[in-house]
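Residues 1 to 442, numbered by UniProt numbering, are exactly what the sequence shown covers, in order.
Since the structure comes first, as structure tokens, the remarks are kept for the end.
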Amino acid sequence: MHVINDSDAYPSEREAVQRLAPQPCTIRDTGLSDSFLGELVCKHLHDGGVLDMSRLVERLALTGAVLEEVLAFLRKDGRVEVLGQLGQTGGQTLRYGLTERGRSSARDALARSGYIGAAPFPVSTYRSLIKIQTIHHGRITAKDMNQALAGMVLSQGMLDQLGVALNSGRAIMIYGPAGTGKTYVSSRLIRLFAEAIWVPHAIVINESVIEIYDPQVHQRLDDNGQTNNLMLNEGIDRRLLCCKRPIVITGGELSMEQLDVRYDPFTRQYQAALQLKASNGLFIIDDMGRQRMAPAELLNRWIVPMEEKRDFINLGGGRHCELPFDLVLVFSTNLNPLELADEAFLRRIGYKVQFGYLKPEEYERIWRQECERLGIPFDPLLVRYVLQQLYAGEGMPLVPCHPRDLLNMALDRQRYLGGSGPLSPQELEWAWHNYFVQLDFL
Numbered sequence: 001m002h003v004i005n006d007s008d009a010y011p012s013e014r015e016a017v018q019r020l021a022p023q024p025c026t027i028r029d030t031g032l033s034d035s036f037l038g039e040l041v042c043k044h045l046h047d048g049g050v051l052d053m054s055r056l057v058e059r060l061a062l063t064g065a066v067l068e069e070v071l072a073f074l075r076k077d078g079r080v081e082v083l084g085q086l087g088q089t090g091g092q093t094l095r096y097g098l099t100e101r102g103r104s105s106a107r108d109a110l111a112r113s114g115y116i117g118a119a120p121f122p123v124s125t126y127r128s129l130i131k132i133q134t135i136h137h138g139r140i141t142a143k144d145m146n147q148a149l150a151g152m153v154l155s156q157g158m159l160d161q162l163g164v165a166l167n168s169g170r171a172i173m174i175y176g177p178a179g180t181g182k183t184y185v186s187s188r189l190i191r192l193f194a195e196a197i198w199v200p201h202a203i204v205i206n207e208s209v210i211e212i213y214d215p216q217v218h219q220r221l222d223d224n225g226q227t228n229n230l231m232l233n234e235g236i237d238r239r240l241l242c243c244k245r246p247i248v249i250t251g252g253e254l255s256m257e258q259l260d261v262r263y264d265p266f267t268r269q270y271q272a273a274l275q276l277k278a279s280n281g282l283f284i285i286d287d288m289g290r291q292r293m294a295p296a297e298l299l300n301r302w303i304v305p306m307e308e309k310r311d312f313i314n315l316g317g318g319r320h321c322e323l324p325f326d327l328v329l330v331f332s333t334n335l336n337p338l339e340l341a342d343e344a345f346l347r348r349i350g351y352k353v354q355f356g357y358l359k360p361e362e363y364e365r366i367w368r369q370e371c372e373r374l375g376i377p378f379d380p381l382l383v384r385y386v387l388q389q390l391y392a393g394e395g396m397p398l399v400p401c402h403p404r405d406l407l408n409m410a411l412d413r414q415r416y417l418g419g420s421g422p423l424s425p426q427e428l429e430w431a432w433h434n435y436f437v438q439l440d441f442l
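Okay, here's the thing in structure tokens:
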């Protein structure tokens with residue numbers, strides 16, 4: 001886990017989060033009802049058996065003061081009993097367990113919702129949190145672009161176009177032939193947004209709990225401002241996790257169901273929509289036009305969020321919830337954009353960035369980089385042979401991914417034959433003929 005300092009986040013932003021979400025000291029401070037928290041504690045005790053205060057604090061991400069208030073409520077209601085245990089230091093450590101009434105209450109609660117995790121964050125405060133941590137802070141400069149994408153072979157004009165597009169807050173469409181680096185470059189744009197943000201374990205909308213934090217999407221950071229003191233009443237609410245800004249990349253497997261909150265009847269839990277997990281981050285829809293639904297259907301899903309900066313989450317049963325739409329939305333496609341949408345829709349996408357084929361000098365730069373990465377000597381005569389004899393001879397366009405693939409295939413053959421040393425033109429020619437589809441038999 002990476003350790004951060006306060007300087008990694010914008011100071012004013014961290015202070016704003018601190019003011020919005022300080023450590024709760026009472027049930028009222030959590031924004032949740034005593035009955036909701038009581039049922040959640042009962043579910044944890046049902047799941048974990050007899051637990052002491054430190055384990056409950058760890059499980060629910062609440063302070064000891066709040067949990068003592070909840071436990072007092074549950075004891076008065078006859079659902080929890082206190083059990084004493086002799087600690088290692090000779091003192092008494094209080095443990096808590098369910099009574100028969102408490103076990104019945106826990107079963108009833110689990111029948112309605114299978115969620116057993118940290119106490120959720122109220123959706124009203126979550127809306128404010130998203131706005132405070134907006135990714136559209138408009139602070140990216142030309143210097144930032146050059147530093148973040150250093151080592152990538154991109155023209156200054158394209159770097160500037162991408163930088164201005166990111167600052168605009170509008171959606172971006174990246175298009176061009178396959179292999180021209182669209183996904184590679186767009187996935188690295190998140191480097192421009194290095195500050196820390198805070199992500200809730202889960203949010204609650206009425207009585208429905210939706211998990212937001214996803215370890216496959218959110219990379220946690222160690223926030224030095226947080227400790228495990230049971231009675232802590234300072235710092236940022238521990239229901240929030242300090243993370244890097246998220247990036248979600250989805251391709252042809254994307255379905256419309258993934259863009260709405262889904263209810264799993266087996267686990268009795270709600271699963272967050274992909275764009276909800278990507279809040280305050282980057283959402284890349286790769287291979288646009290290759291999904292199972294029609295491109296128009298997928299694009300129409302984004303009209304309201306793009307124009308109004310808000311999204312409507314469907315919870316089923318006619319229930320909807322409005323949330324801020326705060327993310328960088330990137331469409332990436334190998335197809336002609338005019339085949340995916342009409343001009344009226346494309347106007348709603350602020351920036352269209354075309355990725356094309358390379359110039360010979362750009363190709364040579366990538367070839368040199370790949371040689372350095374593979375630890376093999378760069379031979380200018382060899383790359384000249386590839387350009388003049390292979391590419392020019394067959395009229396093949398120069399594509400950014402080719403140097404990596406051709407060099408790796410040539411090395412594969414060299415290792416297979418037990419060879420070593422610099423690659424030869426014959427080995428590159430062998431790789432060439434195995435890399436591209438040969439249609440001589442037609």
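Glycine is no exception: its CB is placed at the ideal position from the N, C-alpha and C atoms.
Being a predicted model, the structure only gives us computed values, none of them experimental.
Of the residues the options, the one placed nearest residue i, counting alpha carbons only
i      : options                           : result
Tyr96  : Leu74, Ala109 and Ser104          : Leu74
Ile140 : Ala165, Pro400 and Glu361         : Ala165
Ala100 : Arg245, Gly49, His218 and Gly163  : Here the sequence assigns Glu to residue 100, which means Ala is not the residue at that position. Out of Arg245, Gly49, His218 and Gly163, Gly49 has the C-alpha closest to the C-alpha of Glu100.
Gln192 : Arg55, Gly395 and Asn146          : What sits at residue 192 in the sequence shown is Leu, not Gln. Considering only alpha carbons, the answer is Asn146.
Ile278 : Ser255, Ile247, Pro305 and Arg290 : Just to set this straight, residue 278 is Ala in the shown sequence, not Ile. Among Ser255, Ile247, Pro305 and Arg290, the Cα nearest to that of Ala278 belongs to Ile247.
Ile210 : Arg292, Ala431, Lys143 and Ser113 : Ser113
Exposure of residue i, with buried meaning 16 or more beta-carbon neighbours within 10 Å
i           : result
Phe325      : buried
Pro422      : exposed
Arg14       : buried
Ile172      : buried
Thr227      : Reliability of the predicted coordinates at Thr227 is poor, the pLDDT of 44 falling under 50, and the value obtained from them is presented with this limitation in mind. With fewer than 16 Cβ atoms within 10 Å of its Cβ, Thr227 is classed as exposed.
Gly316      : exposed
residue 467 : Not covered by the structure: residue 467. The range shown for the chain is 1 to 442.
His433      : exposed
Met306      : buried
residue 463 : In the structure as shown, the chain begins at 1 and stops at 442. Residue 463 is therefore absent and cannot be evaluated.
First through last residue of the beta strand (DSSP E) which encompasses residue i
i      : result
Val153 : Counting along the chain, Val153 falls outside any beta strand (DSSP E), and DSSP gives it neither H nor E.
Gly181 : Segment: none, Gly181 is in no beta strand (DSSP E) and carries neither H nor E.
Asn314 : Arg310 to Gly316
Trp302 : Trp302 -> no beta strand (DSSP E), and no H or E assigned at all.
Leu411 : Premise fails: Leu411 lies in the alpha helix (DSSP H), His402 to Tyr416, not in any beta strand (DSSP E).
Leu329 : Val328 to Thr333
Met173 : Ile172 to Tyr175
His433 : Careful: His433 lies outside any beta strand (DSSP E), inside the alpha helix (DSSP H) at Pro425 to Tyr435.
Glu322 : Arg319 to Pro324
Lys359 : No beta strand (DSSP E) holds Lys359; DSSP gives it neither H nor E.
Boundaries of the alpha helix (DSSP H) in which residue i is found, first to last residue
i      : result
Phe345 : Glu343 to Arg348
His46  : Asp34 to Gly48
Pro380 : Pro380 to Tyr385
7 Å CB neighbourhood of residue i in its chain, flanking five on each side removed
i      : result
Met169 : Note that residue 169 is Gly in the sequence shown here, rather than Met. Closer than 7 Å at Cβ, skipping near neighbours: His136.
Tyr126 : Pro200 and Ile203
Glu69  : Thr26 and Ile27
Ser186 : Ile174, Ile284, Val330 and Ser332
Ile366 : Val153, Pro400 and Pro403
Arg415 : none
Gly356 : Gly176 and Thr180
Arg292 : Ser255
Ala341 : Pro295, Ala296 and Leu299
Own chain, CB closer than 6 Å to residue i, minus 5 neighbours either side, in chain order
i           : result
residue 448 : The question about residue 448 has no answer here: the residues shown for the chain are numbered 1 through 442.
Glu362      : Val153
Beta-carbon proximity of residue i to residue j, cut-off 9 Å
i      : j      : result
Leu282 : Gln258 : no
Leu335 : Tyr175 : yes
Gly318 : Asp287 : no
His46  : Gly102 : yes
Ala142 : Gly163 : yes
Cβ shell of residue i (< 8 Å), same chain only, five flanking positions each side left out
i      : result
His320 : Phe312, Ile313 and Asn314
Leu83  : Val50, Leu94, Arg95, Tyr96 and Gly97
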